[in-house]
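Visitor: My questions all concern the structure below.
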Amino acid sequence: MTNYSTFASDAFSGRSVLVTGAASGMGLETARAFLSKGAEVVLADRDADGLQRARGELSGKVHTVTVDVGQPDSIEKMFEYCDSNLARLDNLVCCAAVITAKKIPDQDWAHWERVMSINLLGTFFTAKGAISRMLTNENGGNIVCVASDVAYHGGGGLIADTAYAASKAGTLSMVKSIGRELAGKNVRINALNPGPTDSPMHSHIDPALKERIAANLPMRRMGRPDDMAAAIMFLCSEAAEFVYGSALDVDGGSSFR
Ligand SMILES: NC(=O)c1ccc[n+]([C@@H]2O[C@H](COP(=O)([O-])OP(=O)(O)OC[C@H]3O[C@@H](n4cnc5c(N)ncnc54)[C@H](O)[C@@H]3O)[C@@H](O)[C@H]2O)c1
1 MTNYSTFASD AFSGRSVLVT GAASGMGLET ARAFLSKGAE VVLADRDADG LQRARGELSG
61 KVHTVTVDVG QPDSIEKMFE YCDSNLARLD NLVCCAAVIT AKKIPDQDWA HWERVMSINL
121 LGTFFTAKGA ISRMLTNENG GNIVCVASDV AYHGGGGLIA DTAYAASKAG TLSMVKSIGR
181 ELAGKNVRIN ALNPGPTDSP MHSHIDPALK ERIAANLPMR RMGRPDDMAA AIMFLCSEAA
241 EFVYGSALDV DGGSSFR
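Using UniProt numbering, you'd call the opening residue of the sequence shown number 1 and step up by one each time.
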């Protein structure tokens, strides 16, 4: 039983979804969720082996494409793949990101460039590629950009750092700006703010620290990838028709601690 099992099995039948960061964690679970509801899904990631593994375990209308969202040419190639293989692009979910946890003295210029180019520029230019296609769709489209609760709280260098938190705060602002510019154009864009989620992104974290993080959350557990997949599915569904330019916190209550 997953949190998205409440959606009808044909809820996204006839719809396509491009998911970046889909070789792992919430991107992979989001791809699995949409496939289970009848969608045609393109999994995009820079981890070619991870994509291969995902392809082996998923069933349905699955595509995989390697992309480095920190490289504009690579993003362009990903969309060329979509143009050649999908009738049209209906939904985009931007999950691809790197998490970093360095203290300020260890954050140099190259560190900030890397984090910003993948997490913020990568998300913007992926959204831009989708927008140009969705604007020509009769039914428009939906975009979900995954940000983070640290966009509000900041990152102290323990599990997330300044550069990462700033990239996610930038993502929230970017979603608002895109939403303003696309007003009335039938392309909805929203952000998702996950709280601490037990995914491979945190595989390096000591289990005792994870327990402490969970104990401090009002819900007394860390998030699961299917919590995020369900919320992303909601944002892409007709049930969210009036949800626009918003940031949905799915964080077990971390945002009101
Ligand atoms: N796990 C958490 O606690 C948490 C909390 C808040 C927000 N988030 C955000 O959720 C999203 C998904 O995170 P996750 O926990 O599933 O992490 P994850 O590490 O399991 O997955 C991230 C995926 O992004 C891919 N990726 C990284 N750099 C890339 C690049 N340049 N081009 C293409 N793909 C790239 C990785 O290969 C990986 O498959 C991220 O945006 C992350 O910042 C995670």
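We put the beta carbon where it would ideally sit given N, CA and C, even for glycine.
With DSSP collapsed to three states, give me the class of Asp249.
Guide: Looking at Asp249 - three-state DSSP - the assignment turns out to be strand.
Visitor: For Glu29, which residues from the same chain have a beta carbon less than 6 Å from its beta carbon, with the 5 sequence-adjacent residues on both sides left out?
Guide: Within the same chain, Glu29 has close Cβ partners Pro225, Asp226 and Ala229.
Visitor: Taking the Cβ atom as the reference point for each residue, do Ser199 and Ser5 lie within a distance shorter than 8 Å?
Guide: Cβ distance not < 8 Å, so Ser199 and Ser5 don't count as in contact.
Visitor: Please list the terminal residues of the continuous beta strand (DSSP E) segment that includes Ile143.
Guide: It spans Gly141 to Val146 - the beta strand (DSSP E) in which Ile143 sits, taken as one unbroken run.
Visitor: DSSP beta-bridge partners for Arg188?
Guide: Per DSSP, Asn142.
Visitor: Looking at ligand 1, does it come within less than 7 Å of Met201, judged from the CB to the closest heavy atom?
Guide: Under cutoff, so the answer is yes.
Visitor: Give the secondary structure of Thr162 by DSSP, where H, G and I count as helix, E and B as strand, and everything else as coil.
Guide: In this structure, Thr162 counts as helix in the three-state DSSP scheme.
Visitor: Quick one, which of Asn137, Ile75, Ile189 and Gly154 has its alpha-carbon nearest Ser254's?
Guide: Among Asn137, Ile75, Ile189 and Gly154, the Cα nearest to that of Ser254 belongs to Gly154.
Visitor: According to the neighbour-count rule (16 or more other Cβ atoms, all chains shown, within 10 Å of its Cβ), is Ile131 buried or exposed?
Guide: Ile131 should be labelled buried.
Visitor: Helix, strand or coil for Cys236 per DSSP?
Guide: Helix.
Visitor: Start and end of the beta strand (DSSP E) containing Cys94?
Guide: First-last of the beta strand (DSSP E) with Cys94: Asn91 to Cys94.
Visitor: Compute the Euclidean distance between the alpha carbons of Arg180 and Cys94, then round it to the nearest angstrom.
Guide: Their Cα atoms are separated by approximately 19 Å.
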